[in-house]
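Scroll down for the structure; my scribbles are underneath it.
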Amino acid sequence: MASISVTLPDGSVREIAMGTTALELAGAIGPRLAREALVAEVNGTLTDLTSPLTTDATVTFHTFNSDEGKEVYRHTTAHMLAQAVQRLRPDAKVTIGPAIDEGFYYDFDTEPFVPEDLEAIEAEMRKIAKEDHPTQRSEMSRDEAYALFDGMGETYKREIIDDIPGEETLSVYTQGDFTDLCRGPHAPSTRRIKYLKLTSTGGAYWRGDEANKQLQRIYGTAFEKKGQLDEHLALIEEAERRDHRRLGTQLELYSTHQDLGGGLVLWHPKGALVRHIAEDYWKERHLAGGYDFVCSPHIGRSKLWETSGHLEFFADDMYSPLDIDGQEYYLKPMNCPFHILIYKSRQHSYRELPMRLAELGTVYRYERAGALHGMMRVRGFTQDDAHIFCRPEQMPDEIDRTLGFCLDMLRAFGFTQFELFLSTRPEKAVGDVQQWLDAEDALRAALERTGIPYEVDEGGGAFYGPKIDLNIRDSLNRQWQCSTIQFDFNLPERFDISYIAEDGQQHRPYMVHRALFGSVERFFGVLVEHYAGAFPVWLAPVQAVVLSITDDHREYAEKVRQELADAGIRVEADVRGEKLGYKVREAEMAKTPYMLVVGAREIENEQVAVRTRQGNNLGAMPVAAFIERIQEDIGSKV
Ligand SMILES: [Zn+2]
Ligand SMILES: [Zn+2]
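So for the sequence shown, this note's numbering puts the first residue at -14; every next one is plus one.
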């Protein structure tokens, strides 16, 4: 029999019979690999372990430990989900079922599922795993595939086949009584799927388009070890506990209203107070950092958006125009054109640069109704925006200080882990190539200076300039899009802005857009989830609450409250005739950092008994000592 040679990751070469499967090769290398391997990478292409090897090749095996392995594992589980659903609901039509970050989903055309359905489906999936169905891949022509799926009554598959480019081979995967159109690869057998869980269900539109039929989506996940699954489920539960939409209602931070319209946020007093404190800090830091504040309106004439190019390139994200005296006006999707008009209002000398114009500017952008999510994805939001205009020789320093400023601000809000990305010049780009390179150098140098590793997306920049994106990681290690530092070689041209240099000639300044929080709404939502609503003392809407034990202690409670208020502490007094335990629980639910209990003993000693929201008893102390303590917390932003 003819033999082929395979090169393994350690560089060793093996001669094997042509037609040996990757799984057999894994078995020859070691029984453990054969047990754990999920998919083979043959000459760089992911391939089923059950496929025969037919040419000389470099072969790598992926287990659950690699991203590729996890994806195949969960994708295979998604097929088992579809198989189980069709066993229990033979009329359900299948559509698509990809692996996603941390799990998978599958969309079905059927009646909505209820939690009991998920339990039954899960049990059926475990049965399918036990049945140990091997993966069978077969390739077929387009007509054969149409005939197969039409015969099964799977009408969505025809649409999917129509979308597959003509030159691509069509493949179907069969495991026992279930066959599905799929590119693959799959794990070698259903028995390989050890620990699975269906996590939620809900509506989803076919192809994500609200004009199409609503399907029923089931989300799930699968792991190789029980401990991994348990840990993941605990994380989901914790994320639900911290959900800013839930806490937003519980802590009376914000609301939305059907009559108001989706994606529009109402900030309630407590939420607005936190925002006010955050914005005050932002303003203080910006003034100290050499920024000038500007304010601009919410709408502008179409002429402005034509000049800026927004109507040409950004119209899909903008709302329909308003008619004012026969002229078209648009809600602003960005603040930039306004800031440029301010810059352009008169001639500037090189001595005035850099000029940093900052605004907490509310913008409006179209988002699909289905994409709206609490405060994280909305239709009207406030950008903590700034536009920097500077001379070429100032640019590297300016970028460096902007990134440093950005990290410093985010650290003040308690974030310590950042993911940084540099996006460079795409093929289609405006502006001078040398300027692009200089700008990229400045961004890279600033990134290097932070000492934080960063990723480069070569060619991934916008057509008008390179940028740095910064994501923050929250306490559950989830990434959130946050800051951007974006060069612009387009708007200065379009608006023809300039400054008079030392040579007496007009020159084009560099222009940089930057936002630190990004969207104030999203940043607030992230803060709520990061802290599970227990804001650090400096941000907490109520920093302390005085709790009287009985009506006899009312007067003293009021006196203490006044003393703290006079010291600038945000304090309330709860002097209702409720039991102390009840009042403590309420204050804990409200996540108030300090509870000051006052009764006969405290009155006699002119003290307060201090409890924290974590349930720690700090004992009795004079009011002045407590004020000192809380002011220390506020000063150090803990
Ligand atoms: Zn598949
Ligand atoms: Zn801008």
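Backbone N, C-alpha and C fix where the C-beta goes; we use that ideal spot for every residue, glycine too. Please read all numbers here as calculations on a predicted model, not as lab measurements.
Here's the rule I'm using: 16 or more other beta-carbon atoms within 10 Å means buried, otherwise exposed. How should residue i be labelled?
i    : result
D537 : exposed
T597 : exposed
H324 : buried
T577 : buried
T401 : exposed
M574 : exposed
P173 : buried
R561 : exposed
K112 : exposed
K55  : buried
A300 : exposed
I85  : exposed
Q71  : buried
K317 : buried
Y567 : exposed
R260 : buried
L422 : exposed
P16  : exposed
R20  : exposed
D559 : buried
Along the chain, where does the beta strand (DSSP E) that runs through residue i open and close?
i     : result
I309  : L307 to I309
D369  : G365 to C375
D(-5) : No beta strand (DSSP E) holds D(-5); DSSP gives it neither H nor E.
D473  : Q464 to D473
Q199  : Q199 to F208
K182  : Y180 to Y190
Y335  : Neither: Y335 is in no beta strand (DSSP E) and is coded neither H nor E.
P607  : N602 to P607
D442  : Y439 to D442
R625  : The chain is shown from -14 up to 623; residue 625 falls before or after that span and cannot be answered.
So, using beta-carbon positions, are residue i and residue j closer together than 8 Å?
i    : j    : result
G88  : T206 : yes
K182 : L155 : no
D370 : A500 : yes
V593 : V583 : yes
W523 : I453 : no
A572 : V530 : yes
I309 : V497 : no
T292 : F49  : no
H64  : H171 : yes
E139 : V79  : yes
L307 : I284 : yes
Q201 : T184 : no
S123 : V157 : yes
T409 : G445 : yes
A513 : L251 : According to the sequence shown, residue 513 is Val rather than Ala. Against a cut-off of 8 Å, the Cβ pair of L251 and V513 comes out as no contact.
R227 : A517 : yes
L236 : K255 : yes
Q528 : I615 : yes
A486 : Y335 : yes
How far does the alpha helix (DSSP H) with residue i in it reach, from first residue to last?
i    : result
L296 : H295 to F298
C391 : M380 to A397
M361 : Taken as a continuous stretch (DSSP letters only), M361 belongs to no alpha helix (DSSP H), as it is neither H nor E.
V513 : V505 to H515
E56  : D52 to L73
T234 : H229 to Q235
V44  : Premise fails: V44 lies in the beta strand (DSSP E), A42 to H47, not in any alpha helix (DSSP H).
G566 : L565 to M574
A542 : R539 to D551
Who are the Cβ neighbours of residue i in its own chain at under 6 Å, not counting the five residues just before and after it?
i     : result
S460  : H515
M361  : R507 and G510
P(-6) : T45
D94   : K78 and L200
Which same chain residues end up closer than 7 Å to residue i when comparing Cβ atoms and leaving out the 5 residues on each side of it in sequence?
i    : result
L220 : L461
C375 : L338, P339, E383, P494 and Y495
N320 : S281, E344, G346, V348, Q368 and D370
L476 : S293, C321, I325 and M496
Which residues in the same chain have their Cβ closer than 8 Å to the Cβ of residue i, if we skip the five residues on either side of it in sequence?
i    : result
G503 : Q368, D369, Q466, C467, S468 and T469
F390 : R270, G274 and L501
G247 : T241, A354, L357 and R364
A447 : S408, P411 and Q471
Y304 : Y315, L316, Y349 and Y351
With hydrogens ignored, establish whether the beta-carbon of residue i is closer than 7 Å to any heavy atom of ligand 4.
i    : result
S293 : Ligand 4 is absent from the structure shown, which contains only ligand 1 and ligand 2.
Who sits around ligand 2, taking every residue whose Cβ is closer than 5 Å to one of its heavy atoms? Residues lining ligand 2 by the Cβ criterion, that is a Cβ closer than 5 Å to any of its heavy atoms, are C321 and H498 in chain order.
Of all residues in the structure, which have a C-beta closer than 6 Å to any heavy atom of ligand 1, taken in chain order? Residues flagged by the Cβ proximity filter: H60, H64, Y158, C167, G169 and H171.
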